[in-house]
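Working notes, structure below.
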Amino acid sequence: MRIKKQIKYKINSEIISKVVRLVGKNIKPKVYPLKQALKIAKDLSLDLVEINPKVTPTICKAMNFRKFLYNLKKKYKKNVILTKEIRLTSQTNIHDLSFKIENAKKILKYNNKVKFSIFFKGRSIFYKYLGEKMLLKCIELLSNITKVEIPPRMEEKKMFIVLIPKVSHKLN
């Protein structure tokens, strides 16, 4: 996954300002010459990272830079769960259904949700039980790798289910 705005941080010897305002945990915010700020960060076994180069004096923070980048990546990866929709009809044949089930397995492999939906056209709305039967068959075929988040539900002319991957499941 890409982070939309890539920020390039200057650390330690890359900082070019002569004086910096040093902030950080267990450090009194104060203006220091760059060499002294680098020494303070080094004594604390931390990196000196340029936070805001646009102000005078430049604001730098003493921190563990690798840990900061790790937490930043973790934050951006955290809430990225997509719901992919697979459309069926109440008369979808076995071959087409098996093809769509394989596509669902690929989607579930990446911890995404799968939404199977059936749209009823015209008089087919009278045969809702066929659509529900098709959705229950999808649940049955994927039962070993998924859990049902939303059971068969009807909204206007559309019936759908939402499946999520099981936590302990690992696909090849």
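Just so you know, the sequence shown maps onto residues 1 to 172 in this note's numbering.
Beta carbons are placed, not taken as given, at the ideal position from N, Cα and C, and that holds for glycine.
With residue i as the anchor, note down where its alpha helix (DSSP H) starts and where it stops.
i: N103; result: 94 to 109
i: L38; result: 34 to 43
So, under 8 Å CB-CB, residue i and residue j are touching, yes? Tell me the CB distance rounded to an integer number of Å.
i: F119; j: R87; result: 7 Å
i: T83; j: K115; result: 5 Å
i: D47; j: N12; result: 6 Å
i: E140; j: M159; result: Going by Cβ atoms, the distance from E140 to M159 rounds to 16 Å, so no, they are not a contact pair.
i: P57; j: V23; result: Going by Cβ atoms, the distance from P57 to V23 rounds to 12 Å, so no, they are not a contact pair.
i: I81; j: K113; result: 6 Å
i: R21; j: P33; result: In fact, because the Cβ distance is near 12 Å, the residues do not count as touching under 8 Å.
i: P165; j: L108; result: 5 Å
i: V167; j: E149; result: Incorrect: roughly 13 Å between the Cβ atoms, too far for contact.
Counting along the chain, where does the beta strand (DSSP E) carrying residue i start and finish?
i: K61; result: 58 to 63
i: K18; result: Note, K18: premise wrong, no beta strand (DSSP E); not H, not E.
i: V114; result: 113 to 119
i: I81; result: From DSSP, I81 is part of no beta strand (DSSP E); its letter is neither H nor E.
i: I51; result: 47 to 52
Taking DSSP's pairing of strands, which residues face residue i in a bridge?
i: P165; result: T146
i: V31; result: R21
i: R87; result: S117
Could one say the Cβ of residue i lies closer than 8 Å to chain D's Cβ atoms, at least one of them?
i: E155; result: Of the protein chains in this structure there is only one, and it is not chain D.
Contained beta strand (DSSP E) runs [length at least 3] in the region 122 to 159, N- to C-terminal order = 146 to 155
contact_flag[the region 46 to 63, the region 84 to 92] where n(CB pairs < 8 Å) is 3 or more | no
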